[in-house]
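In what follows, a single structure is set out as structure tokens and then discussed.
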Amino acid sequence: MKKKRLASAAMNPPESEVTNVTLHPLSDEKDIGMFAVLTINRPDKLNALNTEVMDALKAVCQWMDQADDVRVLVVAGAPPLPPPEGKRSKPHAFVAGADITEFVGADSHHIRTKFSDNAVEALWKLGKPTIAMVDGFALGGGCEVACSCDVRIASDRSTFGTPEINLGLIPGYGATQRLERLVGYGKAHEMIMTGDMIAADEAHRIGLVNHVVKPDDLEAFVFAMARRIGSKSSHALKVGKRTVRAALDLGLTEGVGVEAEAFASLFDSEDKDIGVQAFLDRSEPEWKHG
Ligand code: COA
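Using the numbering used here, the letters of the sequence shown correspond one by one to residues 4 to 293.
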């Protein structure tokens, strides 16, 4: 994988033991910016979200907000390491949930502090497009990280679920709300109440994932989409994301009003002039992203 450094060292992604960020050009021909791939890297624990991962994830979101040249974030889980001799390989995982070992002895005060303003919310609040690249288990907090991204692409060996009920719990990183918005009230209840896992095809059928592809095709598929999205006006993308999100909180009439204002506001942007002129000239728009 080609790794690129940003021109300004200050804008290089934060490094950590449990996450890895690589930068990739949006175009091979022109310098139009980059997309970032954030890999959660605890494959021996199926990339479970411990405190270290959550802190690192939050730091990456803060960095993404500032890194102007980085236009799209892809979130992935590290693949399994080769097993020690005589041992079975660990399964593929996007993220198998919050790290359950950190629940031992935890009380409500501890969890309130830990879960308030958490990294999954930081990912959700990011103004830039986000894609979950899911290969393997996306359970509990893993399903919720995926639900906090704008688009979910899964390999056909992936499995989704909210098994917290098996621990005497319910989801705590937003699945009761964001999963519900994706799959609907009845299916969200079923998933949260049974804790059952569903295969990628079923996840696709119910609207939890956008596309299902073969494991070998996953990266190319996601990267092509990241490049496609990242090559658009980042200003229009930001306004579009904010406006679609408004649909989650507002009624139809109010939401259409928000869209009308957002649409109108783009007519004062440089990128609208650039995009419209490029169409008339039959040329490629060179966005100012403003
Ligand atoms: N938290 C902490 N550790 C986890 C974990 C989690 N959520 N999910 C998996 N792991 C660890 C296992 O403890 C194991 O560690 P070890 O090898 O040091 O013992 C390792 O990851 C591999 O998992 P294992 O259970 O051996 O793999 P499996 O193929 O038998 O089963 C799962 C895979 C996903 C079905 C199983 O790991 C599981 O149910 N995980 C928990 C899922 C969950 O409840 N998530 C919601 C948490 S709120």
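All C-beta atoms, glycine included, are put in the ideal place defined by N, C-alpha and C.
The structure presented is a predicted model; accordingly, all values stated were derived computationally and were not measured.
Open item on the list: Closer than 7 Å between the C-beta and any heavy atom of the ligand ADP: which residues qualify, listed along the chain?
Closed with: In the structure shown, the ligand ADP is absent; the only ligands present are the ligand COA.
Task: Residue burial classification, G260 (beta-carbon count within 10 angstroms, cutoff 16) - done: The C-beta of G260 has fewer than 16 other C-beta atoms within 10 Å across all chains shown, which makes the residue exposed.
Task: Nearest-angstrom Cα separation, counted from V148 out to M200 - done: Looking at the two C-alpha atoms, the distance is approximately 16 Å.
Open item on the list: Between the alpha carbons of G164 and T104, how many angstroms are there, rounded?
Closed with: Roughly 19 Å separates the two Cα atoms.
Task: Three-way DSSP call (helix, strand, coil) for R285 in this model - done: For R285, the three-state secondary structure derived from DSSP is coil.
TODO: Check whether the Cβ atoms of A229 and V75 sit closer than 8 Å, and answer yes or no.
DONE: Contact flag set, yes.
TODO: Express the C-alpha separation of V242 and E289 in angstroms, rounding to a whole number.
DONE: Going by the C-alpha atoms only, they are around 18 Å apart.
TODO: In the DSSP assignment, find the unbroken beta strand (DSSP E) run with F224 in it and report its ends.
DONE: That residue, F224, is in no beta strand (DSSP E); its alpha helix (DSSP H) goes P218 to G233.
- [ ] Leaving out five residues on either side along the sequence, give the residues of the same chain with a beta carbon under 6 Å from the beta carbon of F118.
- [x] Within the same chain, F118 has close Cβ partners G175.
Task: Proximity of T133 and L126 at Cβ, strictly below 8 Å - done: The answer is yes: Cβ separation under 8 Å.
Task: Where V154 sits in the DSSP three-state scheme - done: In the three-state DSSP reduction, V154 falls in the strand class (E or B).
TODO: May I ask you to verify whether the stretch 26 to 35 touches the stretch 45 to 55, counting CB pairs closer than 8 Å and requiring at least 3?
DONE: The stretch 26 to 35 and the stretch 45 to 55 do not touch, with fewer than 3 CB-CB distances between them shorter than 8 Å.
Task: Helix, strand or coil at V261 according to DSSP, with G and I counted as helix - done: Looking at V261 - three-state DSSP - the assignment turns out to be helix.
Task: Best match in G36, L60 and Q65 for proximity to V73 [C-alpha to C-alpha] - done: Per the Cα distances, G36.
Task: Beta-bridge pairing of I35 - partner residues as DSSP gives them - done: I35 pairs with nothing; no bridge assigned.
TODO: State the beta-bridge partners of P28 as determined by DSSP.
DONE: Answer is M37.
- [ ] Drop a sphere of 10 angstroms on the beta-carbon of L251, count the other beta-carbons inside from all chains shown, and report buried for 16 or more, exposed for fewer.
- [x] Per the 10 Å Cβ criterion, exposed.
Open item on the list: In the DSSP assignment, the alpha helix (DSSP H) including T246 goes from what residue to what residue?
Closed with: Secondary structure note for T246: its alpha helix (DSSP H) is the uninterrupted segment S237 to D252.
Open item on the list: Using the three-state DSSP reduction, which class does G145 fall into: helix, strand or coil?
Closed with: In the structure shown, G145 sits in a helix (DSSP, three-state: H, G or I).
Task: Span separating the alpha-carbon of R231 from that of K93 - done: When rounded, the distance between both Cα atoms is 33 Å.
Task: the stretch 60 to 72 in contact with the stretch 266 to 283 per 3-pair CB rule at 8 Å - done: Contact between the stretch 60 to 72 and the stretch 266 to 283 is absent, with fewer than three C-beta pairs closer than 8 Å.
Task: Status (buried if at least 16 other CB within 10 Å, exposed otherwise) for M196 - done: The residue in question, M196, is exposed, as its Cβ has fewer than 16 Cβ neighbours within 10 Å.
TODO: Return the first residue and the last residue of the beta strand (DSSP E) that R1 is part of.
DONE: Because the chain is modelled from 4 through 293, residue 1 falls outside the range shown and cannot be assessed.
Open item on the list: Assess contact between the stretch 210 to 222 and the stretch 144 to 161, defined as three or more Cβ pairs (one per stretch) separated by less than 8 Å. Is contact present?
Closed with: The stretch 210 to 222, when compared against the stretch 144 to 161, does touch it at the 8 Å Cβ threshold.
Task: Sequence-distant residues of its chain with Cβ nearer than 6 Å to A249 (five each side left out) - done: These residues qualify, in order along the chain: G258 and V261.
Open item on the list: Using 8 Å as the threshold, is the C-beta distance between V137 and F97 below it?
Closed with: With respect to F97, V137 sits close: the two C-beta atoms are nearer than 8 Å.
- [ ] Out of V77, N169 and A203, point me to the one whose CA is closest to D153's CA.
- [x] Selected option, being the one with the closest Cα: V77.
Open item on the list: Rounded to whole angstroms, what is the Cα-Cα separation between H113 and L185?
Closed with: The alpha-carbon atoms of H113 and L185 are separated by roughly 30 Å.
Task: For G139 and G100, believed in contact at Cβ under 8 Å, the rounded distance - done: By a beta-carbon distance limit of 8 Å, G100 does not contact G139. Their separation comes to about 12 Å.
Task: Contact belief for A51 with S19 at Cβ below 8 Å, rounded distance in angstroms - done: The beta-carbon distance between A51 and S19, rounded to whole angstroms, is 15 Å. This is too long to meet the 8 Å contact definition.
TODO: Determine whether the Cβ of K190 lies closer than 8 Å to any Cβ atom of chain D.
DONE: Here chain D cannot be found, since the structure has a single protein chain.
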